[in-house]
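K.L.:
Here it is, the structure in full.
Residue numbers (the working numbering): 2 to 529.
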């Protein structure tokens, strides 16, 4: 008992002594600080933003110039060394003590020029980093355009083959265009365009696309038997191939809802599909043009043929008719998200990401896919052997997430014939990062102060903040329909800053926190 009491008393005494020592350091610092000229104080505050590692004089000059500190740097630097606020390690190389750094950063917040000093520091260090030789991996990134990076990623995906089968005039081409942004040959007056299956991308093309689409040949009533024969032969040939990647992995069988009937030959085709064990969805198209009685007639016929027991049936309107009075669609498009979700459900999981990347109908699907990458990167921060995110400057911190940026842009980047977003298709990953870094140089230090490396919790938080920012930026860019290069670059800058500030307060202190963020930011249908 007596020993415990003595130990407690000793601990209290040590704490008091430590507090007195700390108080003494702070008091001595304050006296030192008050005796400095305003110019010297500003330089000291600028130096506090550097990590406590050797600082080359050239970088101090660069940061001071960017911060508009127009006075004799050498003389003021000498004063700081003499006052023991700065240490000169070697000629033109300096270092600041960690405790002094903390006290100086407190003083920085009291300065009227604090924001200008921070902005200048971040701009200078970002500029300096672009001149520093990089590792071979980063060199490759810096000299490879984003469109090339995306193409490489698409090549790595497992690409599903989807056949879209149906008579002429059922709206197959419109359906394909609305879901994937692919336009086959223009149709006119409901006339058949080709007597063979059309493939996108073509066999002899160098186009790289996440999904391969086969559109069935044109149909003429007079050649019904021949058309059915071609469709059946196509299915037979594909499914008999020894190469699984040449098989048809899913079929959309399209029926015009206003036809009010299902023909016997269509049942024969659907039976053949079932016999080959190919997953299929019956799509009732142009439902906005059909009466309830016509739709009911088709559903009754499908039941009589026992087809509803085998296949899912989805009613859609990909492009509703315009109202003759005001020219606006008579109803919003419907059924496409349901078609996509059922497609992903029926396909083997290895093809899910390719479908999500290729489709341009459901942004929420893309958001959920992008979150998988963000979550995977963030959860590693809590694992053994985790490598911290470098946080010396905003450039290093954001550039360290280049791979995450490319993964997310690949998910959002395909639209209209598979072309990558116009502005950044010929940009490099490094130049894109530079655009984004520039937009947040004045605020990133407020939320993530420069350090040698972020801790696990801070790294996880930073990754989630940057990841959600990328997701929001590219989702909003997709919605914006902007196609002018300069306008999109300006949009990227402004939107990145806006979304970074919006998400910057997120704190990921455990893996469980990621689930809370998913529900709040990914699952909810929110305005960005």
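Just so you know, even glycine gets a beta-carbon here, dropped at the ideal spot from N, CA and C.
1. Which residue marks the beginning of the beta strand (DSSP E) containing residue 509, and which one marks its end?
2. What is the DSSP secondary structure of residue 39, counted as helix, strand or coil?
3. Could you check whether the region 375-383 touches the region 339-359, counting it as contact only if at least three pairs of C-beta atoms, one from each stretch, sit closer than 8 Å?
4. Please classify residue 57: does DSSP put it in a helix, a strand, or coil?
5. If you draw a straight line from the C-alpha of residue 465 to the C-alpha of residue 525, how long is it?
6. Hey, is the region 325-336 in contact with the region 164-178, meaning 3+ C-beta pairs nearer than 8 Å?
7. When you compare each of 64, 76, 57 to residue 91 by their alpha carbons, which one comes out closest?
8. To the nearest angstrom, how far is it from the Cα of residue 124 to the Cα of residue 59?
9. With a threshold of 16 other CB atoms inside 10 Å of the CB of residue 467, please say whether the residue is buried or exposed.
10. Which one or two residues does DSSP pair with residue 215 in a beta bridge?
11. How is the alpha helix (DSSP H) around residue 76 delimited, first residue to last?
12. For residue 243, is the classification buried or exposed, using 16 other Cβ atoms within 10 angstroms of its Cβ as the cut-off for buried?
13. Grab me the residues of residue 67's own chain with a C-beta within less than 6 Å of its C-beta, minus the 5 sequence neighbours each way, in chain order.
14. Do residue 208 and residue 152 have their C-beta atoms within less than 7 Å of each other?
15. For the structure I just gave you, are there three or more beta carbon pairs, one from the region 268-275 and one from the region 284-297, closer than 8 Å?
16. Let me know the secondary structure DSSP gives residue 89 once reduced to three states.
17. Just checking my contact of residue 252 with residue 286 at CB under 8 Å: how many whole Å lie between their CB atoms?
18. Buried or exposed for residue 412, please, with buried defined as at least 16 other CB atoms from any protein chain shown within 10 angstroms of its CB.
19. Buried or exposed: which applies to residue 496, given that a residue is buried once 16 or more other Cβ atoms fall within 10 Å of its Cβ?
20. Using the Cα positions of residue 472 and residue 233, report the straight-line distance between them to the nearest angstrom.
21. Exposed or buried, residue 312, counting other C-beta atoms within 10 Å across all chains shown (16 or more means buried)?
22. Just tell me which of 154, 166, 220 has its CA closest to the CA of residue 284.
23. Please tell me whether residue 250 and residue 342 are closer than 7 Å, where the distance is taken between their beta carbons.
24. Less than 7 Å separating the beta-carbons of residue 302 and residue 262?
25. With C-beta atoms as the reference, is residue 28 less than 7 Å away from residue 86?
26. Please determine, among 84, 402, 487, 155, the residue with the shortest C-alpha to C-alpha distance to residue 38.
27. Please report the straight-line C-alpha distance between residue 403 and residue 488, rounded to a whole angstrom.
28. Quick check: the Cα distance between residue 254 and residue 330, rounded to an integer number of angstroms?
29. Starting from residue 313 and walking both ways along the beta strand (DSSP E), at which residues does that stretch end?
30. Find out if the Cβ-Cβ distance for the pair residue 230, residue 218 is shorter than 7 Å.
31. Kindly identify the DSSP beta-bridge partner or partners of residue 282.
32. Is residue 96 helix, strand or coil when you go by DSSP?
33. So, using beta-carbon positions, are residue 198 and residue 215 closer together than 7 Å?
34. Quick check: what's the CA-CA separation for residue 368 versus residue 326?
35. CB-CB under 7 Å to residue 475, same chain, minus the five flanking residues each way: which ones, in chain order?
36. Smallest Cα separation from residue 521: which of 484, 307, 372?
P.N.:
The structure says:
1. For the purposes of this step, residue 509 is taken as the residue at position 508 of the chain shown. Neither: residue 509 is in no beta strand (DSSP E) and is coded neither H nor E.
2. Taking the first residue of the chain shown as 1, we reach residue 39 at position 38. DSSP places residue 39 in helix when its eight states are reduced to three.
3. no
4. Here the question's residue 57 lines up with position 56 in the chain shown. Strand at residue 57.
5. The residue given as residue 465 occupies position 464 in the chain shown. The residue given as residue 525 occupies position 524 in the chain shown. Straight-line Cα distance between these residues: approximately 17 Å.
6. no
7. As a first step, residue 91 must be located in the chain shown, where it is residue number 90. The shortest C-alpha separation from residue 91 is found at 57.
8. As a working note, residue 124 is residue 123 in the chain shown. As a working note, residue 59 is residue 58 in the chain shown. About 14 Å.
9. In the chain shown, counting from the first residue as 1, residue 467 sits at position 466. Buried.
10. Walking along the chain shown from the start, residue 215 turns up at place 214. In the DSSP output, where bridge partners are listed per residue, residue 215 has 164, 200.
11. Along the chain shown, one-based indexing puts residue 76 at 75. That run of the alpha helix (DSSP H) goes 74-83.
12. As a working note, residue 243 is residue 242 in the chain shown. Exposed.
13. Mapped onto the chain shown, residue 67 falls at position 66. Cβ within range, chain order: 121, 124, 125.
14. Stepping through the chain shown from its first residue, residue 208 is reached at position 207. Stepping through the chain shown from its first residue, residue 152 is reached at position 151. Against a cut-off of 7 Å, the Cβ pair of residue 152 and residue 208 comes out as no contact.
15. no
16. On the chain shown, residue 89 is found 88 positions in, with the first residue counted as 1. Correct three-state label for residue 89: strand.
17. Counting from 1 along the chain shown, the entry for residue 252 is found at position 251. Counting from 1 along the chain shown, the entry for residue 286 is found at position 285. At roughly 14 Å, the Cβ-Cβ gap does not stay under 8 Å, so residue 252 and residue 286 are not in contact.
18. Within the chain shown, the letter at position 411 stands for residue 412. When all chains shown are included, residue 412 counts as buried.
19. Translated into the one-based positions of the chain shown, residue 496 becomes position 495. Flag for residue 496 reads buried.
20. Position 471 of the chain shown holds residue 472. Position 232 of the chain shown holds residue 233. About 43 Å.
21. As a first step, residue 312 is located in the chain shown; it is residue number 311 there, counting from the start. The residue in question, residue 312, is buried, as its Cβ has 16 or more Cβ neighbours within 10 Å.
22. Position 283 of the chain shown, counted from the first residue, corresponds to residue 284. It is 166.
23. One-based indexing of the chain shown puts residue 250 at position 249. One-based indexing of the chain shown puts residue 342 at position 341. Not a contact, by the Cβ cut-off of 7 Å.
24. Here residue 302 refers to the residue found at position 301 when the chain shown is read from its first residue. Here residue 262 refers to the residue found at position 261 when the chain shown is read from its first residue. Contact: yes.
25. To locate residue 28, count along the chain shown from 1; it is residue 27. To locate residue 86, count along the chain shown from 1; it is residue 85. No.
26. Locating residue 38 in the chain shown gives position 37, counting from the first residue. Among 84, 402, 487, 155, the Cα nearest to that of residue 38 belongs to 84.
27. Looking up residue 403 in the chain shown gives position 402. Looking up residue 488 in the chain shown gives position 487. Answer to the nearest angstrom: the Cα atoms are 23 Å apart.
28. Numbered from 1 along the chain shown, position 253 holds the residue referred to as residue 254. Numbered from 1 along the chain shown, position 329 holds the residue referred to as residue 330. Whole-angstrom Cα-Cα distance: 25 Å.
29. Locating residue 313 in the chain shown gives position 312, counting from the first residue. Here the beta strand (DSSP E) through residue 313 covers 313-316.
30. On the chain shown, residue 230 is found 229 positions in, with the first residue counted as 1. On the chain shown, residue 218 is found 217 positions in, with the first residue counted as 1. No; because the gap between Cβ atoms is not below 7 Å, this pair is not in contact.
31. Locating residue 282 in the chain shown gives position 281, where the first residue counts as 1. Answer is 253, 313.
32. Against the chain shown, residue 96 aligns to sequence position 95. Note: residue 96 maps to strand in three-state DSSP.
33. Taking the chain shown and counting its residues from 1, one reaches residue 198 at position 197. Taking the chain shown and counting its residues from 1, one reaches residue 215 at position 214. The answer is yes: Cβ separation under 7 Å.
34. As a first step, residue 368 must be located in the chain shown, where it is residue number 367. As a first step, residue 326 must be located in the chain shown, where it is residue number 325. Each residue's alpha carbon lies about 37 Å from the other.
35. Residue numbering aside, residue 475 sits at position 474 when the chain shown is read from its first letter. Correct list, in chain order: 409, 410, 413.
36. Against the chain shown, residue 521 aligns to sequence position 520. Ranking the options by Cα distance to residue 521, first place goes to 372.
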